[in-house]
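Colleague: Structure in structure tokens, see below.
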Amino acid sequence: MNRSYSLQDLELLMQVAERGNMSEVGRQLNMTTAAVSAAIKRLEKALGVNLIERTTRSLRLSAAGETLMPYLQQVLGTLEEAENELGNHQALAVGEIRIGVPSDVGRNRILSSLNAFQTLNPGVSIIVQVSDLIQDLYRDELDIVVRYGEPKDSSLIATKLCDNRRVLVASPAYVANHGPIKRIEDLVNHNCLLFYLSGRLYNKWQFETREGSVSIKVAGNRSANDGELVKRWAIAGEGIAYKSALDVAGELSSGALVELMAGHYEGQPSPIYLLYKERRYQAYRMTALIRHLKKSFA
């Protein structure tokens with residue numbers, strides 16, 4: 032067989048199959064549509080089959096293309112694993128990824144992971160959307176979202192990055208000025224720093240105690256729709272916050288914040304999940320990033 036095609040030609044076919052649009056693939060890779068089309072034609076000529084069915088309005092894999100795709104995924108996947116072992120897997124991870132992240136974990140945990148990923152994969156461009164609203168993959172045109180809590184959307188693929196719980200925290204200055212909290216019920220006498228989740232004020236805090244589950248309605252003079260701002264208020268001594276343990280791990284370690292009633296209760300579970308759309312042909316840049324984030328959080 033005359034193998035007059037390149038690895039890039041095979042990767043381009045994968046991306047065209049995923050996107051269904053040669054112009055979009057060319058734009059992401061800074062190539063002309065003609066160059067993408069020429070790569071597909073080289074493959075078709077070498078293999079002696081039509082891989083793409085083209086009309087004036089649509090583009091899709093032919094029956095031969097559908098047959099080839101699982102083998103192509105396996106071959107490219109095996110090659111990627113080998114290159115990972117050699118510390119050079121840059122050729123296969125190219126293109127654009129749009130990722131939505133919550134404010135705290137995005138800025139303080141995921142940003143460094145994305146920086147490391149792009150150092151390994153300079154062919155990938157990443158667009159980050161930071162928001163404490165519940166981001167929607169379809170509405171917000173995202174490829175991946177990171178969310179707190181057990182996912183409810185069964186139409187998406189969910190991968191747990193780590194277990195996590197909420198913790199009560201305040202600054203040492205706040206504790207010194209207002210005294211320690213001996214019971215959860217004492218929270219009603221303190222200034223609690225609140226945040227909005229998708230437009231809804233989160234002012235009913237839930238805990239697990241030796242006696243069972245308990246929830247308490249709290250109040251305070253400050254609230255925000257940004258978790259990072261709530262944490263900064265807590266560090267400044269403005270009140271008590273109920274935060275993800277992962278978000279305040281650095282401040283607890285440095286002493287900027289202290290955990291209240293540690294050992295007397297367990298905070299509400301808040302595991303962190305990675306969600307993405309189910310696709311028949313997953314782009315390798317997506318596979319590589321998902322693997323990287325799982326390893327980073329592990």
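In this text, residue positions in the sequence shown follow our numbering: the first is 32, and each later residue adds one.
Just so you know, even glycine gets a beta-carbon here, dropped at the ideal spot from N, CA and C.
Is the number of C-beta pairs between the stretch 123–141 and the stretch 277–287 that are closer than 8 Å three or more?
Modeller: Cβ pair count under 8 Å is three or more, so yes.
Colleague: How many angstroms separate the CA atom of Lys-262 from the CA atom of Leu-232?
Modeller: If you take the alpha carbons of Lys-262 and Leu-232, they lie about 16 Å apart.
Colleague: Can you tell me whether Gln-46 is buried or exposed? The criterion is at least 16 other CB atoms within 10 Å of its CB, across all chains shown.
Modeller: Classification of Gln-46: buried, given that the 10 Å Cβ count is 16 or more.
Colleague: Contact defined as beta carbons within less than 8 Å: I believe Ile-128 pairs with Leu-320. What is the distance between those atoms, to the nearest angstrom?
Modeller: Yes, they are in contact, since the Cβ atoms of Ile-128 and Leu-320 sit about 6 Å apart, within 8 Å.
Colleague: Figure out for me which residue from Gln-313, Leu-151, Thr-150 has the closest Cα to the Cα of Ile-188.
Modeller: If we check each option's Cα against that of Ile-188, Gln-313 comes out closest.
Colleague: For Ile-175, write down the residues that DSSP places opposite it in a beta bridge.
Modeller: Looking at the DSSP assignment, Ile-175 forms a beta bridge with Ile-130, Tyr-307.
Colleague: For Met-317, which of Gly-108, Lys-213, Val-206 has the nearest alpha-carbon?
Modeller: Considering only alpha carbons, the answer is Gly-108.
Colleague: Helix, strand or coil for Glu-84? Go by DSSP, reduced to three states.
Modeller: Strand at Glu-84.
Colleague: If contact is defined by three or more beta carbon pairs under 8 Å, each pair taking one atom from either stretch, is the stretch 299–310 in contact with the stretch 217–234?
Modeller: No, the stretch 217–234 is not in contact with the stretch 299–310.
Colleague: Reducing DSSP to helix, strand and coil, say where Lys-191 ends up.
Modeller: Residue state, collapsed to three classes: strand.
Colleague: Pull up the CB-CB distance for Ser-246 and Trp-236, whole angstroms please, since I reckon it's below 8 Å.
Modeller: At roughly 7 Å, the Cβ-Cβ gap stays under 8 Å, so Ser-246 and Trp-236 are in contact.
Colleague: What do you get for Asp-174, buried or exposed, if any count of 16 or more other CB atoms within 10 angstroms of its CB means buried?
Modeller: So Asp-174 counts as buried.
Colleague: Tell me whether Tyr-102 is buried or exposed, calling it buried when 16 or more other Cβ atoms sit within 10 Å of its Cβ.
Modeller: That one is exposed.
Colleague: Assuming Val-155 and Ala-124 make a contact with CB atoms under 8 Å, what is their CB distance in whole Å?
Modeller: Contact holds; Cβ gap of about 5 Å.
Colleague: To which residues of the same chain is Gly-251 closer than 6 Å at the C-beta, ignoring the five residues directly before and after it?
Modeller: So the qualifying residues of the chain are Asn-222, Cys-223, Leu-224, Leu-225, Gly-270.
Colleague: Would you kindly work out how many angstroms separate the C-alpha atoms of Met-100 and Ile-215, rounded to a whole number?
Modeller: Each residue's alpha carbon lies about 57 Å from the other.
Colleague: At which residue ranges does the stretch 230–306 contain complete alpha helix (DSSP H) runs of 4 or more residues, listed in the order of the chain?
Modeller: Taking only runs of at least 4 residues, the alpha helix (DSSP H) segments lying wholly in the stretch 230–306 are 258–266, 280–285.
Colleague: Taking the C-alpha atoms as reference points, what is the distance between Leu-92 and Leu-82?
Modeller: Those two C-alpha atoms are separated by around 6 Å.
Colleague: Alpha helix (DSSP H) containing Leu-43: first to last residue?
Modeller: Residues 38–50.
Colleague: Could you tell me whether the Cβ atoms of Arg-73 and Ser-35 are closer together than 8 Å?
Modeller: Yes, they are a contact pair.
Colleague: For the alpha helix (DSSP H) containing Ser-54, list its first residue and its last residue.
Modeller: Segment 53–59, the alpha helix (DSSP H) holding Ser-54.
Colleague: As an exercise, report each continuous beta strand (DSSP E) stretch of at least 3 residues that is fully enclosed by the stretch 144–170, in chain order.
Modeller: If we require 3 residues or more, the beta strand (DSSP E) runs fully inside the stretch 144–170 come out as 155–161.
Colleague: Out of curiosity, what's the CA-to-CA distance linking Thr-64 and Ser-37?
Modeller: Roughly 17 Å between the two C-alpha positions.
Colleague: Could you check the C-alpha separation between Gly-298 and Ala-329 for me, to the nearest Å?
Modeller: Going by the C-alpha atoms only, they are around 21 Å apart.
Colleague: Please report how far the alpha carbon of Leu-324 lies from the alpha carbon of Leu-192, in whole angstroms.
Modeller: Answer to the nearest angstrom: the Cα atoms are 7 Å apart.
Colleague: Quick check: the Cα distance between Gly-131 and Glu-42, rounded to an integer number of angstroms?
Modeller: Their backbone Cα atoms lie some 26 Å apart in a straight line.
Colleague: Below 8 Å, can you find three or more Cβ-Cβ pairs linking the stretch 285–296 to the stretch 196–206?
Modeller: These segments touch.
Colleague: Measure from the C-beta of Ala-276 to each C-beta in chain B and report whether the shortest distance is under 8 Å.
Modeller: The structure shown contains no chain B; it holds only a single protein chain.
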